[in-house]
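Worksheet for the structure shown next.
Numbering (the numbering used here), first residue to last: 23 to 316.
Following this line, the structure appears as structure tokens:
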């Protein structure tokens, strides 16, 4: 047995105690999580737990549902710590939240925001994640600077910067609601395939897919090499994680995510392990999984 457990089920009470894990699995008639991938390759048919899933007719409906979930969170906890992604998928959600605020239906005055991720080493930072969110979310909602907890990409020690952001989250008692998008390779934030589910904030080397697909966020060609991101472990400790996915282009990765066992090779599969996880899709993105959900 390896000295470090590779099971993706981080909350498991048998983690790193292989003998107890095996005994429990025998008693329950189940396979240890670390053996499931091997069993599947040999043709085993294992039960799969799908994440809580909502399918809306279109991008507008998906965006509106996600905005409603943010509203529900703040109604319960006005001083919640929120985490939003950059990217085109979230734009309409941000617009709807602004409309809600203008109508007096939602109040962000006590809420704090923590960054999900940020590009590193950009030659021009005018279109980075921070500026995207300032344009579409923070400035639109009138969020004060002291309520935005952002990565300092120019910190001399990026490892210490990661710890600083971790401490911000810990000091707030964890993130109350995290909104995520799904990358074409299944990444969450900038947690790339093959990363560690057990990590907090970290610096990452970007995959070829992310370097290529990431070009769409910039008005011209941009050299992308590294990023800094909240880790998957933060997702385990977040009270509510909402994965929003839209469009036919994401259909294949959504289907792959739902049909795969939890694996760090497809970070999106972690939604199957999160007690507070929810996936909100539009019809186009959900095309390949409707038969799975019944």
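All C-beta atoms, glycine included, are put in the ideal place defined by N, C-alpha and C. As the structure is a computational prediction, the values presented were derived from the model and not from experiment.
For residue i, the three-state DSSP class (helix, strand or coil)
i, result
"residue 288", "strand"
"residue 135", "strand"
"residue 202", "strand"
"residue 274", "helix"
"residue 113", "helix"
"residue 249", "strand"
"residue 216", "coil"
"residue 124", "helix"
"residue 315", "helix"
"residue 309", "coil"
"residue 227", "strand"
"residue 197", "coil"
"residue 178", "coil"
"residue 54", "coil"
"residue 24", "For residue 24, the pLDDT reaches just 41, beneath the cut-off of 50, and the residue's location in the model is therefore unreliable, leaving the point undetermined."
"residue 145", "coil"
"residue 76", "strand"
"residue 244", "coil"
"residue 303", "strand"
"residue 295", "coil"
"residue 94", "helix"
"residue 140", "strand"
"residue 256", "helix"
"residue 209", "coil"
"residue 172", "coil"
Spatial distance of residue i from residue j (CA atoms)
i, j, result
"residue 132", "residue 102", "8 Å"
"residue 230", "residue 214", "10 Å"
"residue 224", "residue 211", "11 Å"
"residue 277", "residue 258", "22 Å"
"residue 235", "residue 244", "11 Å"
"residue 165", "residue 42", "49 Å"
"residue 84", "residue 201", "12 Å"
"residue 73", "residue 142", "32 Å"
"residue 118", "residue 39", "47 Å"
"residue 317", "residue 115", "Outside the displayed span of the chain (23 to 316) sits residue 317, for which this structure offers no information."
"residue 249", "residue 150", "11 Å"
"residue 270", "residue 173", "32 Å"
"residue 314", "residue 304", "16 Å"
"residue 37", "residue 196", "22 Å"
"residue 162", "residue 113", "11 Å"
"residue 87", "residue 96", "15 Å"
"residue 45", "residue 194", "38 Å"
"residue 178", "residue 185", "13 Å"
"residue 127", "residue 56", "46 Å"
"residue 256", "residue 222", "6 Å"
"residue 217", "residue 287", "7 Å"
"residue 121", "residue 266", "19 Å"
"residue 282", "residue 297", "18 Å"
"residue 77", "residue 220", "30 Å"
"residue 182", "residue 226", "14 Å"
Exposed unless 16 or more other CB atoms sit within 10 angstroms - verdict on residue i
i, result
"residue 24", "Residue confidence for residue 24 is low, a pLDDT of 41 falling below 50, so the modelled location carries little weight; the figure read from the coordinates is stated next. Residue 24 should be labelled exposed."
"residue 272", "buried"
"residue 268", "buried"
"residue 158", "buried"
"residue 176", "exposed"
"residue 79", "exposed"
"residue 140", "buried"
"residue 49", "exposed"
"residue 192", "exposed"
"residue 308", "buried"
Bridge-paired residues (DSSP) for residue i
i, result
"residue 165", "Per DSSP, none; premise fails for residue 165."
"residue 264", "201 and 300"
CB contact check: residue i to chain B, cutoff 7 Å
i, result
"residue 263", "Of the chains in the structure shown, none is chain B; there is only one protein chain."
| said: Measuring CB atoms only, is the region 102 to 111 touching the region 131 to 146, in the sense that at least three cross pairs come out at less than 8 Å? | reply: By the C-beta criterion, the region 102 to 111 is judged to be in contact with the region 131 to 146, since at least 3 inter-stretch pairs fall below 8 Å.
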